[in-house]
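Asks: In order, the protein sequences belong to chains D and F. The first sequence begins at 1 in the numbering used here and counts up one residue at a time. The second sequence begins at 460 in the numbering used here and counts up one residue at a time. We treat Cβ as the ideally placed atom computed from N, Cα and C, and that holds for glycine. Provided herewith is a single structure, encoded as structure tokens, for subsequent inquiry.
Number of protein chains: 2
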Amino acid sequence: MIEEVVEIEILEPWEKLHELEAEGNLEAVSEFVDSLSAEDQRRCLSRLSNVDQADLLSRFSVELAADIMESLPEVQAAGILENLEPEVAADIVEALPDDIGADILQEMSANDSAAVLGELDDADEADHLRELTSYDWDTAGGLMSSEYLTVTTDYTTGNVIRDLNQHAEDDGDREIQYVYAVEPSGKLAGVLRLRDLVVKKATTPVQNVMIPEPAFVNVNDNFESLKNVFEEHAYLAMPVLNDSGSLVGVVTRKAVREATVDHQTEDYLHSSGIVGGEELRSMPMFTRSRRRLAWLAPNIVLNLIAASIIAMYQDTLQAVIALAVFLPIISDMSGCSGNQAVAVSIRELTLGVIRPTEFLRIVWKEGILGIINGAVLGLILGTIAFVWKDNIYLGLVVGGALLLNTILSVLLGGMVPLLLKRFKIDPALAAGPILTTCTDMCGFFLVLSLASTLLSKLG
Amino acid sequence: MIEEVVEIEILEPWEKLHELEAEGNLEAVSEFVDSLSAEDQRRCLSRLSNVDQADLLSRFSVELAADIMESLPEVQAAGILENLEPEVAADIVEALPDDIGADILQEMSANDSAAVLGELDDADEADHLRELTSYDWDTAGGLMSSEYLTVTTDYTTGNVIRDLNQHAEDDGDREIQYVYAVEPSGKLAGVLRLRDLVVKKATTPVQNVMIPEPAFVNVNDNFESLKNVFEEHAYLAMPVLNDSGSLVGVVTRKAVREATVDHQTEDYLHSSGIVGGEELRSMPMFTRSRRRLAWLAPNIVLNLIAASIIAMYQDTLQAVIALAVFLPIISDMSGCSGNQAVAVSIRELTLGVIRPTEFLRIVWKEGILGIINGAVLGLILGTIAFVWKDNIYLGLVVGGALLLNTILSVLLGGMVPLLLKRFKIDPALAAGPILTTCTDMCGFFLVLSLASTLLSKLG
Numbered sequence: 001m002i003e004e005v006v007e008i009e010i011l012e013p014w015e016k017l018h019e020l021e022a023e024g025n026l027e028a029v030s031e032f033v034d035s036l037s038a039e040d041q042r043r044c045l046s047r048l049s050n051v052d053q054a055d056l057l058s059r060f061s062v063e064l065a066a067d068i069m070e071s072l073p074e075v076q077a078a079g080i081l082e083n084l085e086p087e088v089a090a091d092i093v094e095a096l097p098d099d100i101g102a103d104i105l106q107e108m109s110a111n112d113s114a115a116v117l118g119e120l121d122d123a124d125e126a127d128h129l130r131e132l133t134s135y136d137w138d139t140a141g142g143l144m145s146s147e148y149l150t151v152t153t154d155y156t157t158g159n160v161i162r163d164l165n166q167h168a169e170d171d172g173d174r175e176i177q178y179v180y181a182v183e184p185s186g187k188l189a190g191v192l193r194l195r196d197l198v199v200k201k202a203t204t205p206v207q208n209v210m211i212p213e214p215a216f217v218n219v220n221d222n223f224e225s226l227k228n229v230f231e232e233h234a235y236l237a238m239p240v241l242n243d244s245g246s247l248v249g250v251v252t253r254k255a256v257r258e259a260t261v262d263h264q265t266e267d268y269l270h271s272s273g274i275v276g277g278e279e280l281r282s283m284p285m286f287t288r289s290r291r292r293l294a295w296l297a298p299n300i301v302l303n304l305i306a307a308s309i310i311a312m313y314q315d316t317l318q319a320v321i322a323l324a325v326f327l328p329i330i331s332d333m334s335g336c337s338g339n340q341a342v343a344v345s346i347r348e349l350t351l352g353v354i355r356p357t358e359f360l361r362i363v364w365k366e367g368i369l370g371i372i373n374g375a376v377l378g379l380i381l382g383t384i385a386f387v388w389k390d391n392i393y394l395g396l397v398v399g400g401a402l403l404l405n406t407i408l409s410v411l412l413g414g415m416v417p418l419l420l421k422r423f424k425i426d427p428a429l430a431a432g433p434i435l436t437t438c439t440d441m442c443g444f445f446l447v448l449s450l451a452s453t454l455l456s457k458l459g
Numbered sequence: 460m461i462e463e464v465v466e467i468e469i470l471e472p473w474e475k476l477h478e479l480e481a482e483g484n485l486e487a488v489s490e491f492v493d494s495l496s497a498e499d500q501r502r503c504l505s506r507l508s509n510v511d512q513a514d515l516l517s518r519f520s521v522e523l524a525a526d527i528m529e530s531l532p533e534v535q536a537a538g539i540l541e542n543l544e545p546e547v548a549a550d551i552v553e554a555l556p557d558d559i560g561a562d563i564l565q566e567m568s569a570n571d572s573a574a575v576l577g578e579l580d581d582a583d584e585a586d587h588l589r590e591l592t593s594y595d596w597d598t599a600g601g602l603m604s605s606e607y608l609t610v611t612t613d614y615t616t617g618n619v620i621r622d623l624n625q626h627a628e629d630d631g632d633r634e635i636q637y638v639y640a641v642e643p644s645g646k647l648a649g650v651l652r653l654r655d656l657v658v659k660k661a662t663t664p665v666q667n668v669m670i671p672e673p674a675f676v677n678v679n680d681n682f683e684s685l686k687n688v689f690e691e692h693a694y695l696a697m698p699v700l701n702d703s704g705s706l707v708g709v710v711t712r713k714a715v716r717e718a719t720v721d722h723q724t725e726d727y728l729h730s731s732g733i734v735g736g737e738e739l740r741s742m743p744m745f746t747r748s749r750r751r752l753a754w755l756a757p758n759i760v761l762n763l764i765a766a767s768i769i770a771m772y773q774d775t776l777q778a779v780i781a782l783a784v785f786l787p788i789i790s791d792m793s794g795c796s797g798n799q800a801v802a803v804s805i806r807e808l809t810l811g812v813i814r815p816t817e818f819l820r821i822v823w824k825e826g827i828l829g830i831i832n833g834a835v836l837g838l839i840l841g842t843i844a845f846v847w848k849d850n851i852y853l854g855l856v857v858g859g860a861l862l863l864n865t866i867l868s869v870l871l872g873g874m875v876p877l878l879l880k881r882f883k884i885d886p887a888l889a890a891g892p893i894l895t896t897c898t899d900m901c902g903f904f905l906v907l908s909l910a911s912t913l914l915s916k917l918g
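Next comes the structure, spelled out in structure tokens:
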């Protein structure tokens, strides 16, 4: 372990940061952090406690602090804001793009986020952010941005281009894809594409070049429907309307794709037992421990239920102690086979090639595969058991149990995600524990009941 | 199960498809498939064997076939193309965007993809696709698109706008973000942004508005460096240069983000034991079985190694048969704890908040957590063992073993992904089995060796 440490470069960015901080030269610290790549900024901040992070950021310019916030994982940014004075946090939130600010506020505790919103100078902005945080993060309302350009229907293309240039100066490198034409009431009237503006005379009325009755999404549309809309159409962005038809935001293809990444990440974390929201090792120990235990505690109960089967067959086990060697193997191998089927079902659900009602397809496709793989694995394990104890019946019990339990595991593994999906439970979260408990119980039961039947031949 | 089937609507799209096919009305089939959403097209195609899929597609127009290919998962599209006559497959590939065509060709067997490339009418296009398929899918070369507009440096902005309009008509809704200005030698000279074209006089030379010496990536740049580049800069696309500085493609922020989704998916599938490439249940049974066994077979060996510990302590187990109930529980709970630490490490590596060399940080952050969670879990399980057999020593053995093994599991789980990363092995793929084997071995050893020491008190 000592060798590892020596391999690290002499002065890591966070060591340099500590050094500059120790010198008390705030300007140098600020300049140094600004010069780091986003990755090094993240790494530096992660080396500090949330309190130290907050302390450091509060001494930077609001722009630099906001820049850093944007490059941090949301959960980390939220942790830092919670440790800042609400008025300092509010300044930083104001400097962030709305959608990112809202995402970070959503990760904060309700009290802290309310305190920050209360300190915003601009009451309209506060109301707007409050509204954004009221939507689930993966709905149209949660993903929409308020950074778009609207013009009224009485504009000419020349006016629009003038506004665009103005906007370009304000907003640097953010690209505008469409301009939205609204009626004075706020109702969406049409959409203008940039290239349509370029080719027409400057005096052309917007009404003549806009796409009237454009496609839109509702502010409450969920993630699945947004994904489908962007898959069906080539649009780079879609206007978001509220129930009365007013334009309230724009959801971009980019935002939907980023939400897809977040969903995939969540699936992975959930299936690994990180279930209380993302964990980073810079978070407080108590939070990390508590969240992990929230997953482990139900699992220990499920494990006890499964193991109770063994307790019921203690006499058989006592008579043929070799079985105790094979119980964990059959439990683990069945779990592996079942998890493969779970992953394929979750993948097929995500891709939309299977519906949550198609159980017969699973029975057919996984059943045959279970027979083949179960036979191969059962033959391997059965042969090993037979050779080890020179008892063909032990081989038959162990191999037969693995064959049957593999079939059961892939069937169950294939079907559980569909069932959970129907009941609106996240398959990545719950499929694993349910599956393992069932396959363990059945595996233990198969081995031990088969052995009980053949007890006289196994002795 | 029967009830589930009845719930399905009377005529699913694929049933309708079968009906139309049976009537032999090809035009109606073609129109019907065209009218389906991408999701229903995928679902319909998945209901057919690869051979039937190929048969159906070969009778559609090339454009429709290409449209459908684009909406299918790449692995499925590749399977279909392999079953088409190479000249039919070549027509479809020609109608696809280059990057998508190349991705599908990469999923095909080397023979089949060479056959398709050999049948392309346009030899330049074939060479180009051959080059694209030679890059790893997640490098700049693998992700770059050839759909961009170049102009030579002697153009005026007016010429560029004329070209753009031309291009807009050709390419429908695909949006152009930048125009690239190249020297006659092919070397990249500068980049033009759309909005710079709009605001200048039509006679302005391109040289005066372009951004000279623009940022670029090399065709061999890997995924990590692409991700960093797009994170550091706000560009929507970056020019891709070969080693001699010629412009060979454009990699978009969108392509990098999609590759991120693919990486996340791969992580999830790998960690679930789907390791030979994506599996869909429409794939041939033999392929599916073989690929899953490729993961299960090494696992059975690892399991045997772990279980051999139990075999060494058969006498202890025989004397205290109650221990057999707790062995699988300790094995599974340690696996759960370890997997949580694995997921957090993989996540921190992905986010770039930890480096593969920082083992001491893991020891510190996971060690304390392991002590807390191990104490909680050990206390629960130990109490249950004590109460069940009314033997405090059994409780101490079981609880103590779980405490120690939890500490070990989180330490190991936290460090294994870093180690694998250093040796360029995919952590999602290998961390699980390595971890489980080690924690099983140690867990079995801890329980049984502690029990052996206290054997006289446990009887």
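Please determine if the stretch 429-442 of chain D and the stretch 360-376 of chain D are in contact, where contact requires at least 3 C-beta pairs separated by less than 8 Å.
Replies: Too few Cβ pairs lie closer than 8 Å, so no.
Asks: Using a Cβ-Cβ cut-off of less than 8 Å, give me the residues of the stretch 208-231 of chain D that come near chain F, in sequence order.
Replies: Per Cβ criterion, the list reads N228, E231.
Asks: Just confirm the distance between the C-beta atoms of D/A451 and D/L327, as a whole number of angstroms; I'd bet it's less than 8 Å.
Replies: Rounded, the Cβ-Cβ distance is 10 Å, inconsistent with contact.
Asks: Residue range of the alpha helix (DSSP H) that F/M792 falls in?
Replies: It spans 782-810 - the alpha helix (DSSP H) in which F/M792 sits, taken as one unbroken run.
Asks: Is D/G469 near F/R502, with beta carbons less than 8 Å apart?
Replies: The structure shown does not extend to residue 469 of chain D, since chain D is modelled only from 1 to 459, so the question has no answer here.
Asks: For chain F, check one thing: does any of its Cβ atoms lie closer than 8 Å to the Cβ of D/P328?
Replies: Closer than 8 Å to some Cβ of chain F, the Cβ of D/P328 qualifies, so yes.
Asks: At the level of alpha carbons, what is the spacing between D/L117 and D/E125?
Replies: Approximately 9 Å, taken between the alpha carbons.
Asks: In whole angstroms, give me the CA-to-CA distance for D/Q340 and F/G891.
Replies: Whole-angstrom Cα-Cα distance: 13 Å.
Asks: Determine, using beta-carbon pairs with one atom in the stretch 127-139 of chain D and one in the stretch 216-224 of chain D, whether at least three such pairs fall under 8 Å.
Replies: Touching, yes, given that three or more Cβ pairs across the two stretches are closer than 8 Å.
Asks: Thinking C-alpha only, which one of F/F845, F/L862, F/L828 is nearest F/G854?
Replies: If we check each option's Cα against that of F/G854, F/F845 comes out closest.
Asks: Could you check which residue in F/G483, F/K880, F/Q565 has the C-alpha nearest to that of F/E533?
Replies: Checking every option, the nearest Cα to that of F/E533 belongs to F/Q565.
Asks: With 8 Å set as the bound, which would you pick, yes or no: does the beta-carbon of D/D426 sit closer than that to a beta-carbon of chain F?
Replies: No - not a single Cβ of chain F is within 8 Å of the one on D/D426.
Asks: Unbroken beta strand (DSSP E) runs of length 3 or more, entirely within the stretch 671-741 of chain F: which are they?
Replies: If we require 3 residues or more, the beta strand (DSSP E) runs fully inside the stretch 671-741 of chain F come out as 696-700, 706-711.
Asks: Tell me, please, whether the CB atom of F/T719 is closer than 8 Å to any CB atom in chain D?
Replies: Chain D, which has a Cβ nearer than 8 Å to the Cβ of F/T719, makes this yes.
Asks: Our contact map puts F/T615 next to F/L706 with C-beta atoms below 8 Å; I'd like the distance itself, whole angstroms only.
Replies: F/T615 to F/L706, Cβ: 20 Å. No contact.
Asks: Quick check on this structure: which residue in D/A259, D/L448, D/V250 has the alpha carbon closest to the alpha carbon of D/L188?
Replies: That would be D/V250, whose Cα lies nearest to the Cα of D/L188.
Asks: D/I384 touches chain F at which residues, Cβ-Cβ below 8 Å?
Replies: Per Cβ cutoff of 8 Å: L763.
Asks: List the residues of chain F whose Cβ lies closer than 9 Å to the Cβ of D/M285, in chain order.
Replies: In chain order: K824, I827, L828, I831.
Asks: Chain F partners of D/A78, CB-CB under 8 Å?
Replies: Under the 8 Å cutoff, chain F gives no residues; its nearest Cβ is about 15 Å from D/A78.
Asks: Would you verify that the beta carbon of D/T439 is, or is not, closer than 8 Å to some beta carbon of chain F?
Replies: Cβ-Cβ to chain F under 8 Å: no for D/T439.
Asks: Let me know the secondary structure DSSP gives F/K824 once reduced to three states.
Replies: Of the three classes helix, strand and coil, the one that applies to F/K824 here is helix, per DSSP.
Asks: Please classify D/R47: does DSSP put it in a helix, a strand, or coil?
Replies: It is coil, neither helix nor strand.
Asks: Checking 8 Å against the spacing of the C-beta atoms, do F/L828 and D/M285 come in under that value?
Replies: Yes, these two residues count as a Cβ contact at 8 Å.
Asks: For a contact defined as C-beta to C-beta under 7 Å, what are the partners of D/P73 on chain F?
Replies: Residues of chain F passing the Cβ test: L810.
Asks: Can you tell me whether D/H270 is buried or exposed, with buried defined as 16 or more other CB within 10 angstroms of its CB?
Replies: Buried: at least 16 other Cβ atoms inside 10 Å.
Asks: For D/L448, which residues in the same chain have their Cβ closer than 6 Å to its Cβ, ignoring the five residues on either side in sequence?
Replies: So the qualifying residues of the chain are Y313, T316.
Asks: Excluding the 5 residues preceding and the 5 following F/W754 in the sequence, name in chain order all residues of the same chain whose CB lies nearer than 6 Å to its CB.
Replies: These residues qualify, in order along the chain: G732, V734.
Asks: By DSSP, does F/S604 sit in helix, in strand, or in coil?
Replies: Strand at F/S604.
Asks: Just how far apart, CA to CA, sit F/G538 and D/E12?
Replies: F/G538 and D/E12: Cα-Cα distance of roughly 49 Å.
Asks: Quick one: Cα of D/S109 to Cα of D/E232, how far?
Replies: Approximately 38 Å, taken between the alpha carbons.
Asks: Give the interface partners of F/T616 over in chain D, defined as CB-CB distance under 8 Å, in chain order.
Replies: By Cβ distance, chain D contributes nothing, its closest Cβ being about 11 Å from F/T616, past 8 Å.
Asks: Rounded to whole angstroms, what's the CA-CA distance from F/E737 to F/E725? Just pull it up for me.
Replies: Rounded to whole angstroms, F/E737 to F/E725 spans 8 Å at the Cα level.
Asks: Quick check: what's the CA-CA separation for F/K916 versus F/Y852?
Replies: Cα to Cα, F/K916 sits roughly 7 Å from F/Y852.
Asks: Going along chain F, which residues have a C-beta under 8 Å from D/A255?
Replies: Per Cβ cutoff of 8 Å: no residues; D/A255 is ~11 Å from chain F at best.
Asks: Does the CB of F/V801 have a neighbour CB from chain D at under 8 Å?
Replies: Closer than 8 Å to some Cβ of chain D, the Cβ of F/V801 qualifies, so yes.
Asks: Hey, quick one: how far does the alpha helix (DSSP H) through D/R130 stretch, first residue to last?
Replies: Taken as a continuous stretch (DSSP letters only), the alpha helix (DSSP H) holding D/R130 covers 123-134.
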